[in-house]
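**Student:**
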Amino acid sequence: MTRWPHYRDRFPALMQEAQRRHAASPACHDWSHTLRVLKNARHLAKVEGADMVVVEYAAVLHDIGRPSELADQGRTCHAALGADLVRKILPGLGADDPEFVRHVSECVGTHRYRRRDGGEPASLEARIIYDADKLDSIGAIGIGRAFHFAGRTGARIHNTAEAALASDSYSREDTAYREYLVKLRFIQDRMLTGEGRRLARQRHEVMVEFFHQLNREVDNEDF
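The opening residue of the sequence shown carries number 47 in the numbering used here; numbering runs sequentially from there.
Put into structure tokens, the structure is as follows:
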């Protein structure tokens, strides 16, 4: 159920606007990522009983601030910027109910893993957007995205745990393995919905096995 069924008519225009804003985004955070998050969010919303229209709008808009964050190597908080942009975009599309705009904006503003303002996803819909985004950062797809991000920023293919953990973001040692060590391996414990936790456990095991095998091959322990 939704309190705003009439906003379904605005959804195609929203999709077009969001896709336009992602035209120059790199593959790790491009329109295909948004579509996967949307699919995850729809599944979670159905299982958890959330407002589907709020979830769909927030999923489509969750990363619209990401191009700015990538451009300045993390100085911009894409979630905070995205929340501001939501408050400008939605009225322009005719989805101008203040409570609806606030709800979608809060979902976008609290979806990131590394929170800078301490804001927690408070509503069920916000928790679903958080989980839907995190599911796309783990498992096989998460590994692929981590290597793509590392490659485009000039990082090495692989390094030791010591080198990875001693390095900074956007450095040569900011490898996919570093992302796994500092973030991805903890995500299953940070999920906020029951269905999200179930799916995260499955994807977590894929990452554990992959990086275990990668280390064995790099260290010549697989002969």
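Positions of the beta carbon are idealized from the N, C-alpha and C atoms, including for glycine. This structure is a prediction, so every number in the text was calculated from the model and none was measured.
1. Quick check: the Cα distance between I175 and H157, rounded to an integer number of angstroms?
2. Write down every uninterrupted run of the alpha helix (DSSP H) in the segment 141 to 190 whose length is 4 residues or greater and which is fully enclosed by it, in chain order.
3. Are W50 and A141 closer than 9 Å when you measure CB to CB?
4. So does the segment 77 to 97 actually touch the segment 113 to 133, counting three or more Cβ pairs closer than 8 Å?
5. Using 9 Å as the threshold, is the C-beta distance between T80 and Q62 below it?
6. So does the segment 243 to 252 actually touch the segment 196 to 211, counting three or more Cβ pairs closer than 8 Å?
7. Look at the Cβ atom of H149, then the Cβ atom of R112, and state whether they are nearer than 9 Å.
8. With DSSP as the reference, label S215 as helix, strand or coil.
9. Leaving out five residues before and five after V252 in sequence, what residues of the same chain have Cβ atoms less than 6 Å from its Cβ?
**Tutor:** So, to answer that:
1. The sequence position of residue 175 within the sequence shown is 129, counting from 1. The sequence position of residue 157 within the sequence shown is 111, counting from 1. A straight line joining the alpha-carbon of I175 with that of H157 spans about 6 Å.
2. The qualifying runs are 144 to 155, 170 to 181.
3. Looking up residue 50 in the sequence shown gives position 4. Looking up residue 141 in the sequence shown gives position 95. Against a cut-off of 9 Å, the Cβ pair of A141 and W50 comes out as a contact.
4. Taking 8 Å as the limit for Cβ pairs, the verdict is that the segment 113 to 133 does not touch the segment 77 to 97.
5. For the purposes of this step, residue 80 is taken as the residue at position 34 of the sequence shown. For the purposes of this step, residue 62 is taken as the residue at position 16 of the sequence shown. Not in contact: T80 and Q62 (Cβ atoms no closer than 9 Å).
6. No, the segment 243 to 252 does not touch the segment 196 to 211.
7. Working through the sequence shown from its first residue, we reach residue 149 at position 103. Working through the sequence shown from its first residue, we reach residue 112 at position 66. Their beta carbons are not under 9 Å apart, which means H149 does not touch R112 by this criterion.
8. In the sequence shown, counting from the first residue as 1, residue 215 sits at position 169. Coil.
9. Translated into positions along the sequence shown, residue 252 becomes position 206. Cβ within range, chain order: G185, A186.
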